Amino acid sequence: LKTARKQFRLPSNKLSYVAHYLKLGEKPSSSNMELWKSCMNGEAKAWKEMKKYNINDVILTEKVYDKLLPWISNHPNHALFNKVNAIVCPTCGSQHLQRRGITRTKTMSYQRYHCQNCGAWSRDRLANREDNENTLVGL
Numbered sequence: 001l002k003t004a005r006k007q008f009r010l011p012s013n014k015l016s017y018v019a020h021y022l023k024l025g026e027k028p029s030s031s032n033m034e035l036w037k038s039c040m041n042g043e044a045k046a047w048k049e050m051k052k053y054n055i056n057d058v059i060l061t062e063k064v065y066d067k068l069l070p071w072i073s074n075h076p077n078h079a080l081f082n083k084v085n086a087i088v089c090p091t092c093g094s095q096h097l098q099r100r101g102i103t104r105t106k107t108m109s110y111q112r113y114h115c116q117n118c119g120a121w122s123r124d125r126l127a128n129r130e131d132n133e134n135t136l137v138g139l
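The numbering of the sequence shown is this note's numbering, which starts it at 1 and goes up by one.
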């Protein structure tokens, strides 16, 4: 939800609003204080209702997370935990990457990739040597 606040600047950052905005479904009606009190009193029916509410809440949170994944800048790099000897998306871990041109820094150029699974952009870790043979670095 911090990513939604930072990237989209929505009028509300509540899970229910963000999910509705992203067209991912509706959050179940919120649990009220009476339900909480019933759970604290050990009522089985209240616990069953609370469990259903929590399961739906987690499912909706996962959907929002998956949708916002390309915009999460501080997400752990999935390529670090990849056991397959292949190039994978650092955002979602998918191997469905498409080469999409070259990105350049001040001194190097790198192959750029677009993930067909989550939509995130990434680049090679190693520079393209043939593109950088005649590059001088200023002192």
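Glycine is no exception: its CB is placed at the ideal position from the N, C-alpha and C atoms. Predicted, not measured: the structure shown is a model, and the values here were computed from it.
In this structure, how does DSSP classify residue i when only helix, strand and coil are distinguished?
i    : result
L22  : coil
R9   : coil
T107 : coil
S94  : coil
S29  : coil
Using beta-carbon positions only, say whether residue i and residue j come within less than 8 Å of one another.
i    : j   : result
G101 : P70 : no
L60  : K27 : yes
A4   : L10 : yes
Please name the residue, chosen from the options, that lies closest to residue i on a Cα-to-Cα basis.
i    : options              : result
N77  : W121, S29, S16, K6   : W121
R125 : G93, H75, A79        : A79
S94  : K2, Y113, M108, T105 : Y113
Report back the beta-carbon spacing between residue i and residue j to the nearest angstrom; my notes put them in contact at under 8 Å.
i    : j    : result
L97  : Q116 : 7 Å
L142 : K67  : This structure cannot settle anything about residue 142, because the visible part of the chain is limited to 1 through 139.
N85  : S109 : Contact flag wrong, Cβ pair sits at about 24 Å.
V64  : L22  : 6 Å
R123 : T107 : Actually they are not in contact, since the Cβ atoms of R123 and T107 sit about 14 Å apart, beyond 8 Å.
Would you check whether the ligand ZN has a heavy atom nearer than 7 Å to the C-beta of residue i?
i   : result
K52 : Of the ligands one can find in the structure shown there are none, so the ligand ZN has no counterpart to examine.
* In chain order, which alpha helix (DSSP H) runs of at least 4 residues are fully inside the region 33-78? -> The qualifying runs are 33-40, 44-68.
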